[in-house]
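Residue 616 in the numbering used here sits at position 612 of the sequence shown; the count goes up by one each step and never skips. Just so you know, even glycine gets a beta-carbon here, dropped at the ideal spot from N, CA and C. Report on one structure; see the data block that follows.
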Amino acid sequence: MYRLANDTQYNITQLYYQNQVQLRKKSVSMDPDVEYKVKLVTEEVHKQDFPISICRISPKGLLLIIGISLILILAVPYSGIFSNKTHKHDIISNDNDKVHDKTFDHVMGLAKFKHTERTKTSAPKCDGTKEDDRLDCYPEGNGDKTKCIQRGCCWQEVHVPSKQKKNSSRFGKNIKGGSPPSCFYPSGYPAYQMIGKPEETDLGYKVVLRRSVASPYPLDIAELKMNVYMETDNRVHFKIFDPADDRYEVPIDTPKPTDKASDPAYRIEFTHAPFGIAVVRKHDELTLFNTSIGPLIFSDQFIQISSSMVSNFTYGLGEHRSSLLLPSDWRTYTIWTQEPDGVRENQNLYGAHPFYLNMEPKTGNAHGVFLLNSNAMDVVLQPSPAITYRTIGGILDFYVFLGPTPSDVIAQYTEVIGRPIMPPYWGLGFHLCRWGYMSANNTWDMVKRMRAAGIPQDVQWNDIEYATDNKIFTYNNSTFSNLPEFVEDLHSHGQHYIQIVDPGIHNETGYSPYDTGLEKEVFITDRDGEPLVGEVWPGTTVFPDFFDDTTIDWWKESAGAYHKDIPFDGMWIDMNEPSNVWANGSVDDGCPNEEPYDKLPYMPGVYGNSLIQTSFCLSANHHNHGKHFNLHSLYGLAMTRASNHALKAIRENQRPFVITRSSFPSNGVYGGKWLGDNYSTWPDMYFSIPGILAFSMFGIPMVGADICGFNSNTNEALCQRWTQLGAFYPFSRNHNSWSCPPKGTDTPCRPQDPTAFSEAMQKSSRKVLLTRYSLLPYLYTLFYRAHVNGTTVARPLFFEFANDETTYAIDRQFLWGPALLISPVLTKRATKVQAAFPKGVWYDFYNGTRFSFTSTTEVTLQAPLDHLNLHVRAGYILPMQKPNITTTTSRLNQFELLVALAPDGSACGELFWDDGDSIDSIDKGKYTYMTFEAISSNTIKSAVTKKGFSGPKMLLGSVTVFGVLSKPQDVKVNNEPAEYTYDASNKVLRINCSTKPIHLEIPFLVKWTLPEVSTKEQPQANDVSGKSKSAPLGQDINRHAKK
């Protein structure tokens, strides 16, 4: 590969490309042999150590330039001439693991390349391309008709409304949707072509690609190699890279199969020229991914590839604040980790996740695509439907996941990036924090108020004010002098403690983390090899290189030394995009001498239109791991991993609990994520739902937003509704800021913990959080499934109802696992909520009221201020537990089962249980696992498949059964009569075992006998009817079946 490293190289390269432009204007293409020789000479030139100025070229360099010029001059006479002949091209497929040829008419393009042929492109064919199918030929955004035609592209101007013209700003490109491009690629635009046929390998195929005409971007890579790995029956992996240069690849662990898939559910098809690769699902002949729709461009700092898509039902491509279903209206999704100045819809945010899931509405199937690339990129979704990736570095490293269910796709994805971590049980409790307690005493007082109010709380957090002058691994000996005693009090009450930890280390001699870090050389360096200096909360700072093992050891030692004073239980890592808030690049005059990063041929739509905005110089060095240009978006992942390792070392056999702001694929292996600095507004509350659902798909199920909002003052009504919703975030934490509007003042934000509001608000918070705590055994089991199988915890409705297209856009409700539907109020002053119920039977969680629908139906539910609507899906059994105000005390209480019978009397469920904190309980089999099943003969039974938990006895105190159509004559537990009650109006059977609890470690049997009735007297379910205008809570409905 050739690099643009100085003026000499630039002039040589420009000479070559200017000649290419002239050839194209004359409809002439350079002889591939000649072009290849030019490339080789250019590469040789770039190996020389030329001085910066073109005026000081060495004799050898001058001879090389003269040589290139002669070759270019001779190129035109030996180039081919234009031909109108229609060429035949080969499509090569691996169907049934045999390579065979197909042919098709390809009106425009190059003939199958041979060194002896002279080929030339015609004028672009522009007619017949629908607007929705156009692929942008001038994505830089400053194109016009002249520039477009010079690129050999088509120009058909599209009127862009003035509103959309303003979308390209410092907040990103087309973040609110765009229009079809006026400049677009013609059919058969000259690009790479496949040389020969694909060569079969032990794992798939090997393909050689070569350009015969230069792209519009500098430093094309003339020859590429593609390896296709048929890794599993439902996963195919292909990489396109430069075989002559060791380009940067993302350094995360991924599977390394040794055998080719034995019975793949797909076949691979190749198109010769222009080159394309397609992944086709065999059983329905559906093309899931097909790059032949547009030209592949692969230059040093601009890589572009496009693919058709099955549908416009696309999800993922984070991190952005957006609806769950991504609009395909020419919207650009920029991926580059960054802390913005305020959060706006669809602008790039803290995480980088170039993964999407696409639904196939005709069949209800799903598939996914993952581009393993960490460089800044734009991803464009267009209506056709199609997707275009534009990245400025690395390689193209794609995985395609065949599904066929949405859950299968996520399981296949997490098989590549790593399964999510199993959290400690206490991490599922309620967390409380604010920036602005200002002292240990104030923090302690708040915890005491929560205890006195009987409101559950497991974890107390402190923001940066605990630290001396904002320096991590210190605590303020004045305002937080009694912090050790406070933490001891938390632990004595079965509670836990977490502090914020930023990566910035104050560069002050005498500050131990800085002194030891300097000695061990753990900090990121500038081009001169000196620690790069930025500016964040402590003032001037240096930053650890978390990619380096020495740094990880230093991080363990620094955290461990501090832990001896303050025995924290987890780590909250912030500012790790990385954020360099007050010094774009560095404090030393920004980023001088940033070649080759200062004149990028393409700038993705990042916040601020600059890659160093609130971050580091791109030329910063990460020891032996590369430049910040490549590693930037991985920094949060690297810090999460280092913090995970530190906690393992510090807390020995206990599970690490890490919550990060910045993230990248594989983050879920090491910790959880919060959604960053939101605002106390009703729209922000709504956007938290698509946020947690997206990160569930990204393999980070431990996710939540700041309940009641971080920035600006909340109010009681908003906070009450948000507490209800937040009680069902997988990661449930209330957190707010120190300073609130008006701007330019230091007006403290009002406290927003539950005790800061009225008695009614406190009662409501207590009610909903106790409900969460009662359901923690179910939630914990979902996390076990995610850890073992890679499934989701919080999930969209369409994951469970994939054949129902009306569920595809629902993002104001969500599910816990397959069985619990959460329908929060998200609008101001509302006392009712419109809730969608998919086909089937559902029960009100609180009273068992039965709802039955033959199709997805929108229902108006009563939602007074103190009520959150929860519904249980028929056919499932939820393991529960009598709650208390901490998980430590809750875990000592009796279990409960909530059984939601299907119309045929069946239901099923499961429970995973261990000590809740040991890091090796699963690996060493120190857990108990059981299943529950209800069958049509009015029977519930359990099966214990693993009995390894040795803690307190697991006792079942009650069983509640929804959908028992008539009052039983008797109820027996393990053949002994049992105490029970029956609610005839809601058809609910409640069995009380608390005086004689059932030992869950032993299989049990619950059976009830119904009275014999004639067919005419057969009891019917009391389904809620739309005729009722004024019904009890949960029964005031208006049905609107969606067509």
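Query, Result
"Determine the DSSP secondary structure at PHE374, reduced to helix, strand or coil.", "strand"
"Expressed to the nearest angstrom, what Euclidean distance is found between the alpha-carbon atoms of ALA642 and HIS649?", "11 Å"
"Starting from ILE307 and walking both ways along the beta strand (DSSP E), at which residues does that stretch end?", "306-312"
"Return the first residue and the last residue of the beta strand (DSSP E) that THR1048 is part of.", "Not covered by the structure: residue 1048. The range shown for the chain is 5 to 1047."
"Below 8 Å between beta carbons: does that hold for ALA265 and ASP246?", "no"
"Whole angstroms are fine: how far does the CA of VAL863 sit from the CA of THR853?", "14 Å"
"Could you check if LEU993 is buried or exposed, using at least 16 other CB atoms within 10 Å of its CB as the buried criterion?", "buried"
"In angstroms with no decimal places, state the Cα-to-Cα distance between ALA834 and ARG725.", "10 Å"
"If GLY361 sits next to GLY320, beta carbons under 8 Å apart, how far is it from one beta carbon to the other, in whole angstroms?", "Per the sequence shown, residue 361 should be read as Leu rather than Gly. Indeed they touch by this definition, with Cβ atoms about 6 Å apart."
"Decide if GLU523 is buried, meaning its Cβ has at least 16 other Cβ atoms within 10 Å, or exposed.", "exposed"
"Going straight from the alpha carbon of GLY192 to that of SER296, what length do you get?", "9 Å"
"Which residue wins for smallest C-alpha separation from PHE550, given the options SER647, THR999, PHE735?", "SER647"
"Between the alpha carbons of HIS791 and ASP449, how many angstroms are there, rounded?", "37 Å"
"Using three-state DSSP, classify GLN342 as helix, strand or coil.", "coil"
"I need the DSSP call for LEU330, collapsed to helix, strand or coil.", "coil"
"Quick one: using the 10 Å Cβ neighbour count with 16 as the cut-off for buried, is PRO535 buried or exposed?", "buried"
"Buried or exposed, going by whether 16 or more other CB atoms sit within 10 Å of the CB of ILE301?", "buried"
"My output table needs one value for SER62: the three-state DSSP class, helix, strand or coil.", "In this predicted model, SER62 has a pLDDT of only 46, less than 50, meaning its place in the structure is not dependable; the value taken from the coordinates is given anyway. It is coil, neither helix nor strand."
"Measuring alpha carbon to alpha carbon, tell me which residue in VAL217, TRP686, GLU561 is nearest GLU227.", "VAL217"
"Tell me which residues share the same chain as MET313 and place their Cβ nearer than 7 Å to its Cβ, disregarding the 5 neighbours each side in the sequence.", "ASN362, PRO389, ALA390, ILE391"
"What is the rounded straight-line gap between the Cα of ARG174 and the Cα of PRO687?", "At ARG174 the pLDDT is 45, less than 50, meaning the model places this residue with poor confidence and gives no usable figure here."
"Below 7 Å CB to CB, which residues in the same chain sit around SER716 once its five sequence neighbours on both sides are set aside?", "TYR683, SER684, CYS744, PRO745"
"Should LYS950 and THR932 be called a contact, given that it needs their Cβ atoms to be closer than 8 Å?", "yes"
"So, at 7 Å on beta carbons, what are the nonlocal neighbours of GLN728 in its own chain, with the 5 sequence-adjacent residues on each side left out?", "VAL772, PRO828, LEU872"
"Within 10 angstroms of the Cβ of ALA806, are there 16 or more other Cβ atoms? Answer buried if so, exposed if not.", "buried"
"Residue range of the beta strand (DSSP E) that SER827 falls in?", "824-827"
"Mind checking who GLY208 pairs with in its DSSP beta bridge?", "TYR233"
"If you reduce the DSSP assignment to three classes, tell me which class MET450 lands in.", "helix"
"Output the distance between the C-alpha atoms of GLY322 and PRO705, rounded to the nearest integer angstrom.", "15 Å"
"By DSSP, does HIS875 sit in helix, in strand, or in coil?", "strand"
"Hey, how far is the Cα of LYS106 from the Cα of GLU273?", "Residue confidence for LYS106 is low, a pLDDT of 33 falling below 50, so the modelled location carries little weight; the figure read from the coordinates is stated next. In a straight line, the C-alpha of LYS106 is about 10 Å away from that of GLU273."
"Which value, in whole angstroms, describes the spacing of the CA atoms of GLU900 and LYS991?", "19 Å"
"Spatial neighbours of HIS567 within its chain, please: C-beta separation below 6 Å, excluding the five flanking residues on both sides.", "ILE654"
"Enumerate in chain order the residues of its own chain whose CB-to-CB distance from SER940 is below 7 Å, with the five nearest sequence positions on each side excluded.", "ASP908, GLY909, SER910"
"Who are the near neighbours of ASP140 in its chain, counting only those whose CB is closer than 6 Å to its CB and skipping five residues on each side?", "PRO185"
"Just to confirm the assignment, what range does the alpha helix (DSSP H) spanning PHE691 have?", "686-701"
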